[in-house]
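Accompanying notes for the structure given below.
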């Protein structure tokens with residue numbers, strides 16, 4: 001038996017032990033697959049900026065042919081739910097303040113003469129208000145007889161502008177980041193807490209072999225979770241895949257390698273499983289918030305944009321995954337996004353190895 005074969009046998013033995021510990025530990029087993037399935041479905045239905053019905057209140061003080069035609073067009077539009085037709089501005093304001101309507105349309109007395117109208121939105125929820133105003137603006141431009149211009153909207157890569165498409169595809173890596181950070185951060189901390197850490201010193205495995213044996217199980221588990229999330233996106237929510245599945249898998253693997261080193265470093269430094277979990281959560285949450293998933297990177301201050309591009313692998317992972325999934329981009333179009341993931345992996349994994357060597361010594 002060669003030295004390489006003996007090394008892989010030791011690594012395989014460590015991997016089997018890690019998989020058994022994952023499966024036999026109730027706490028770890030509970031967070032393997034069920035939470036990400038539930039979160040994916042919840043986010044798919046709940047985390048959307050699209051409004052099925054816009055609650056709308058009308059105030060027609062003009063009572064002209066033009067105003068009546070406009071009101072009838074809005075009532076006939078399936079995007080709007082006319083909840084109230086007011087007779088005064090106080091009624092319109094009350095409808096918005098009570099939350100009965102998101103937007104109010106006020107047609108003044110001189111509407112037929114000047115063609116001027118007022119849209120009042122409840123901006124306590126800015127996302128819903130902006131979305132509703134956008135719907136009404138499109139409807140007014142497209143249907144109103146007063147319109148002088150015809151605007152034709154086209155959305156590339158997401159033709160119907162469905163928020164779920166971009167959000168759920170990004171959640172594949174966001175949920176994977178959380179899961180792999182939590183799993184890898186528990187590898188050493190759990191053994192130290194249970195008093196089994198010193199047993200590693202008695203094994204014939206080298207620190208590098210121990211690192212590989214503890215890094216591969218969370219990485220493989222994360223890839224399986226990503227596959228499960230992909231299947232939900234593709235077949236349950238029917239989000240069309242325009243790119244290569246193999247290229248998508250490459251992005252997931254590189255991202256997992258970039259993140260697992262961070263989790264192992266946390267595990268090597270933490271003195272208990274609770275401390276490891278808290279640290280992993282503290283690191284994972286800002287990574288998700290600053291990844292461009294919730295708010296675009298261009299909306300952040302310039303200094304913060306530079307910081308995110310330097311330290312957050314999730315930003316590059318989401319950018320690459322969305323371009324493959326929604327745009328159908330090939331390798332040459334996204335290779336520059338894979339290089340930062342490789343750099344991150346080449347930094348975090350050696351740091352994790354150094355900490356492992358230090359702890360074992």
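Residue numbers (full-length UniProt numbering): 1 to 361.
Glycine is no exception: its CB is placed at the ideal position from the N, C-alpha and C atoms.
Helix or strand or just coil, what does DSSP make of residue i?
{"i": "residue 100", "result": "coil"}
{"i": "residue 277", "result": "helix"}
{"i": "residue 302", "result": "helix"}
{"i": "residue 14", "result": "helix"}
{"i": "residue 204", "result": "coil"}
{"i": "residue 159", "result": "coil"}
{"i": "residue 150", "result": "Low per-residue confidence applies at residue 150: pLDDT is 47, beneath 50, and the placement is therefore not dependable enough to give any value."}
{"i": "residue 294", "result": "coil"}
{"i": "residue 270", "result": "coil"}
{"i": "residue 235", "result": "helix"}
{"i": "residue 242", "result": "coil"}
{"i": "residue 357", "result": "helix"}
{"i": "residue 330", "result": "coil"}
{"i": "residue 221", "result": "helix"}
{"i": "residue 71", "result": "helix"}
{"i": "residue 33", "result": "coil"}
{"i": "residue 312", "result": "coil"}
{"i": "residue 2", "result": "coil"}
Would you mind giving the Cβ-Cβ distance between residue i and residue j, rounded to the nearest angstrom? I have them listed as a contact below 8 Å.
{"i": "residue 341", "j": "residue 221", "result": "The Cβ separation is near 19 Å, so there is no contact."}
{"i": "residue 56", "j": "residue 103", "result": "6 Å"}
{"i": "residue 290", "j": "residue 308", "result": "5 Å"}
{"i": "residue 158", "j": "residue 170", "result": "With a Cβ gap of about 12 Å, residue 158 and residue 170 do not count as contacting."}
{"i": "residue 96", "j": "residue 106", "result": "About 11 Å; that fails the 8 Å criterion."}
{"i": "residue 357", "j": "residue 207", "result": "5 Å"}
{"i": "residue 81", "j": "residue 54", "result": "7 Å"}
{"i": "residue 257", "j": "residue 345", "result": "4 Å"}
{"i": "residue 355", "j": "residue 265", "result": "5 Å"}
Restricting to Cα atoms, I'd like to know which of the options is closest to residue i.
{"i": "residue 23", "options": "94, 218, 343 and 89", "result": "218"}
{"i": "residue 332", "options": "320, 184 and 166", "result": "320"}
{"i": "residue 267", "options": "317, 172, 255 and 181", "result": "181"}
{"i": "residue 229", "options": "38, 313 and 199", "result": "38"}
{"i": "residue 311", "options": "324, 348, 84 and 323", "result": "348"}
{"i": "residue 262", "options": "282, 251 and 244", "result": "282"}
{"i": "residue 34", "options": "211, 232, 199 and 21", "result": "232"}
{"i": "residue 87", "options": "101, 216, 58 and 79", "result": "58"}
Check whether chain C comes within 8 Å of residue i, counting only Cβ atoms and requiring the distance to be less than that.
{"i": "residue 158", "result": "Among the protein chains of the structure shown there is no chain C, as only one such chain exists."}
Per DSSP, residue i forms a beta bridge with which residues?
{"i": "residue 60", "result": "107"}
{"i": "residue 81", "result": "55"}
{"i": "residue 118", "result": "106"}
{"i": "residue 287", "result": "Paired residues: none, contrary to the question."}
{"i": "residue 86", "result": "59"}
| task | Could you tell me whether the stretch 179-195 touches the stretch 239-251, using the rule of 3 or more Cβ pairs below 8 Å? | result | no
| Is the stretch 38-45 close to the stretch 68-86, with three or more CB pairs under 8 Å? | no
| message | Under 8 Å: do the stretch 54-66 and the stretch 101-118 share three or more Cβ pairs, one atom per stretch? | response | yes
| request: Pair every Cβ in the stretch 173-191 with every Cβ in the stretch 264-282, then say whether three or more of these pairs are closer than 8 Å. | output: yes
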